[in-house]
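Written out below as structure tokens is the structure these notes cover.
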């Protein structure tokens, strides 16, 4: 007669383990939302919507003032990833200050992050609401929102769109980072985990949409302003060329005048070399990653009345988003180190957190080099996408087919009081693993179609201020592969380690008696819920 030796412990029979607990459920949910909702909701999601149709004396002169300030004054970027340049001291100071703040907020784990999260998670919503109200009053906001919510069906046929959507949800929800699991471990054993998971997912997705409305309102304002400037320059050129009265040509009748003058004086009009002014082209102009926040959005903010105040609000919001996400990342490292007994629990939490922050700061110094912006893109593309898919695949298949989905369903029923419905059963068993596998294969297939490349800011490029497309050198490709493989390789290595340990342990009679003693002690000390 076999007996299931897995122990399901009721909270009533638990002894005080000394682990900190959340002050309340709202604090836990806020922490999960703050970890999940991050910079990707503000600059990555709107950027993907935009590109997919629904979403030096001369260097300064040829580019815009904002581009010049960002790439030359702020980053002092090199023209090639192989040219590292030097550490930019102002970036090093900013980096040190940021990690110092992260350390102070995470110094004692959730005991301190649980307090800080009230500010870092709620403040961005306040700023987004302020931007939403003001953004909707700007000229061009309607065009920006129409651009956001009008799908381009031809682009939706592109597999790359759906691949980006899949990787975005991983990036946005912070899946497979470990932070959500770490946060959840501080909840009581009997906790409605299903409701928590659905709540965090819905709030995160709604936040992406909510953030896109003020962002696209402001981008619509910027596109409209640029379109008007283009028309005004052409109008001035035509008036001067044909010696017309001022205000004879207006934005409203510009198209009529162009059609008339083109039919009567085609050579004169051609000689003016007028720019093609198309609002759609201005809306289509996209910049990825940090460029959306620090270039495109900044260009729009400086055109708004009271631009300094709006800029301060916007960048404090970005800092809060990044800070709340870092809480989860730190906790995802801090909690396993203690719970897996890699570090003794008697070690001061302040010391552990300090070491984690210090190591992270030292690694991040590479981002303060002249080539640092290129390395940020490399880490984002290779360390923050493919490994997440692989880790999530191992997680869901490990639960469904190794731990066994029936045992997991019993655990969920004991925690929530209800059996997981058919949707969850099918999703865990088939849909999630299959989709993850499909996305992984598609991602790899697209990556190998052409050599990985990057866009370089090179003032000597013949088409400058357009960015120069360059191919990564072999040694950089090797680092890219290392970043993609290293986080994943630990899964089979640890599994192999435990398999060998179990095989060796089964041959030692002492290990068998030890296991029997452990099970006997568990049966005598804890009550078993009937499930």
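Residue numbers (our numbering): 122 to 652.
For each residue, glycine too, the CB sits at the ideal point set by N, CA and C.
Legend entry - Validate contact between the region 249–267 and the region 481–488 using beta carbons, cut 8 Å, 3 pairs: Pairwise C-beta distances place the region 249–267 out of contact with the region 481–488, as fewer than three of them are shorter than 8 Å.
Inset, instruction - Look at the Cβ atom of residue 512, then the Cβ atom of residue 612, and state whether they are nearer than 8 Å. - result: Cβ atoms of residue 512 and residue 612: closer than 8 Å.
Legend entry - Complete runs of the alpha helix (DSSP H) confined to the region 543–619 [at least 4 residues]: Correct list: 543–547 and 553–568.
Legend entry - residue 372 - DSSP class collapsed to helix/strand/coil: Residue state, collapsed to three classes: coil.
Inset, instruction - Compare the C-alpha of residue 334 against each of 313, 306 and 258 and name the closest. - result: Put simply, of 313, 306 and 258 the residue whose alpha carbon is nearest the alpha carbon of residue 334 is 258.
Inset, instruction - On a CA-only basis, which of 622, 491, 181 and 598 is nearest residue 208? Give me that one, please. - result: Ranking 622, 491, 181 and 598 by Cα distance to residue 208 puts 491 first.
Legend entry - Cβ shell of residue 598 (< 7 Å), same chain only, five flanking positions each side left out: Sequence-distant partners of residue 598 (beyond 5 residues in either direction) whose C-beta falls short of 7 Å from its own C-beta, in its chain, are 573.
Inset, instruction - Tell me whether residue 289 is buried or exposed, calling it buried when 16 or more other Cβ atoms sit within 10 Å of its Cβ. - result: Result: buried.
Legend entry - Boundaries of the alpha helix (DSSP H) in which residue 430 is found, first to last residue: 428–460 is the extent of the alpha helix (DSSP H) around residue 430.
Legend entry - Cα-Cα separation between residue 586 and residue 578, rounded to whole angstroms: C-alpha of residue 586 to C-alpha of residue 578: approximately 8 Å in a straight line.
Legend entry - Every unbroken alpha helix (DSSP H) inside the region 303–387 [4 residues or more]: Scanning the region 303–387 for uninterrupted alpha helix (DSSP H) segments of 4 residues or longer gives 314–363 and 375–385, listed from N- to C-terminal end.
Inset, instruction - State buried or exposed for residue 304, treating a residue as buried only when at least 16 other CB atoms are found within 10 Å of its CB. - result: It is buried - the Cβ of residue 304 has at least 16 other Cβ atoms within 10 Å.
Legend entry - Local Cβ density within 10 Å of residue 420, reported as buried at 16 or more and exposed below that: With 16 or more other Cβ atoms inside 10 Å of its own Cβ, residue 420 counts as buried.
Inset, instruction - Report the rounded CA-to-CA distance for residue 150 versus residue 546, giving the unit in angstroms. - result: Cα-Cα distance, rounded: 24 Å.
Inset, instruction - Look at residue 601 and residue 497 and say whether their C-beta atoms are less than 8 Å apart. - result: Result no, Cβ atoms of residue 601 and residue 497 do not sit closer than 8 Å.
Inset, instruction - Just tell me which of 502, 474 and 533 has its CA closest to the CA of residue 223. - result: With distances taken between Cα atoms, residue 223 lies closest to 474.
Inset, instruction - Taking residue 348 as the reference, give the member of 364, 449 and 402 with the closest Cα. - result: The shortest Cα separation from residue 348 among 364, 449 and 402 belongs to 402.
Legend entry - Alpha-carbon to alpha-carbon, residue 506 and residue 249: Their Cα atoms are separated by approximately 27 Å.
Inset, instruction - Please determine if the region 227–238 and the region 319–326 are in contact, where contact requires at least 3 C-beta pairs separated by less than 8 Å. - result: Result no; under three Cβ-Cβ pairs closer than 8 Å.
Inset, instruction - Tell whether a beta-carbon distance below 8 Å holds between residue 277 and residue 560. - result: The Cβ atoms of residue 277 and residue 560 do not sit closer than 8 Å to each other.
Inset, instruction - Throw me the rounded Cβ distance for the residue 449 and residue 301 pair, which I believe falls under 8 Å. - result: Their Cβ separation, rounded to whole angstroms, is 7 Å, which keeps residue 449 and residue 301 in contact under 8 Å.
Inset, instruction - Taking residue 340 and residue 417 to be in contact with their CB atoms under 8 Å, please state how far apart those CB atoms are, rounded to whole angstroms. - result: In this structure residue 340 touches residue 417 by the C-beta definition: roughly 7 Å separates them, less than 8 Å.
Legend entry - Pairwise C-alpha distance: residue 307 and residue 140: Using only the alpha carbons, I get a separation of about 8 Å.
Inset, instruction - Determine the direct distance from the alpha carbon of residue 189 to that of residue 198, and round the result to whole angstroms. - result: Between the alpha carbons of residue 198 and residue 189 lies a distance of about 10 Å.
Legend entry - Residues near residue 514 by beta carbon distance below 6 Å, same chain, minus five either side: The answer, listed in chain order, is 557.
Legend entry - Best match in 384, 399, 363 and 373 for proximity to residue 393 [C-alpha to C-alpha]: Among 384, 399, 363 and 373, the Cα nearest to that of residue 393 belongs to 363.
Inset, instruction - Just the C-alpha distance for residue 534 and residue 252, rounded to the nearest angstrom, thanks. - result: Rounded to the nearest whole angstrom, the C-alpha separation of residue 534 and residue 252 is 43 Å.
Inset, instruction - May I ask you to report which of helix, strand or coil DSSP gives residue 281? - result: In the structure shown, residue 281 sits in a helix (DSSP, three-state: H, G or I).
Legend entry - Three-state class that DSSP yields for residue 142 in the structure shown: Correct three-state label for residue 142: coil.
Inset, instruction - State the start and end residues of the unbroken alpha helix (DSSP H) segment that holds residue 227. - result: Residue 227 -> alpha helix (DSSP H) spans 210–227.
Inset, instruction - With DSSP collapsed to three states, give me the class of residue 135. - result: Any answer about residue 135 is weak, because its pLDDT of 39 lies below 50 and its placement is not dependable; what the coordinates show is given next. Residue state, collapsed to three classes: coil.
Inset, instruction - Report, in whole angstroms, the separation of the C-beta atoms of residue 550 and residue 526, which I expect to be a contact under 8 Å. - result: With a beta-carbon spacing of about 6 Å, residue 550 and residue 526 fall inside the 8 Å limit used to define contacts.
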